[in-house]
Amino acid sequence: MATAVLIPAGESLSIPKQPVLGGTGGNPFIWVQFTDANGNAMSDEIFLGRCVQGPFAADADFVISALARADITGGTCDNTGSTISLSGELSLSGIDAKVIFRNNDNPVGGPHKNDQPLVVSIELVPPGMSIEFQKQPSLGGVGGNPWIYLAFLNAAGEPVSDTFLLGRCVQDF
156 MATAVLIPAG
166 ESLSIPKQPV
176 LGGTGGNPFI
186 WVQFTDANGN
196 AMSDEIFLGR
206 CVQGPFAADA
216 DFVISALARA
226 DITGGTCDNT
236 GSTISLSGEL
246 SLSGIDAKVI
256 FRNNDNPVGG
266 PHKNDQPLVV
276 SIELVPPGMS
286 IEFQKQPSLG
296 GVGGNPWIYL
306 AFLNAAGEPV
316 SDTFLLGRCV
326 QDF
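The sequence shown: position 114 = 269 (my numbering), numbered continuously.
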């Protein structure tokens, strides 16, 4: 699970009043919707509240495409314990957010006749953004020349990939 902060603590997003762009002004109702890099909705619109209500938090679960790359290097292979090192990166497909400002939160009308929403798009994770993980030595415990396998797991420890046979330490996979 990843968490994204749209506006870090202590900072603000200023949306100047732009009367020539439509009917949103004063104290609008605010929604956020997460989209992919092509603008396709990945979540429903999430109601945040009104500007005067202060800071907002929104949670949404969605699936995005990612590509994981792992580099495994064999170290020592002896009876005291074989060692390997693991490094790599995770490349993400991109996440944007649409922040929507409306005069009404009532779909059949409300106090304002002019209900033209103002939509601001924000790029949260650029397409192709990579998250690198640094070289991690394996923990000791296996002696001799064991078979070495690799599988990617989610946060709950469940496999999200096939299990890959890398070989034995002495094969310098």
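Positions of the beta carbon are idealized from the N, C-alpha and C atoms, including for glycine.
For Val254, the three-state DSSP class (helix, strand or coil):
strand
Stretch-stretch touch, CB-based, cutoff 8 Å, three pairs: the stretch 222 to 229 with the stretch 187 to 201
no
Cβ shell of Asn182 (< 8 Å), same chain only, five flanking positions each side left out:
Arg205, Cys206 and Val207
Taking 6 Å as the limit between beta carbons, can you name the residues of its chain near Asn309, skipping five residues before and five after?
Val315
Taking the straight line between their C-alpha atoms, what separation do you get for Ser240 and Met284?
24 Å
Complete beta strand (DSSP E) runs within the stretch 171 to 228 (minimum length 3 residues, chain order)
184 to 190 and 201 to 205
In the DSSP assignment, what residue or residues form a beta bridge with Lys285?
Residue 285 is actually Ser in this sequence, not Lys. In the DSSP output, where bridge partners are listed per residue, Ser285 has Ser246.
Considering Cα atoms alone, identify which of Phe211, Ser242, Phe202 and Thr190 is closest to Leu305.
Ser242
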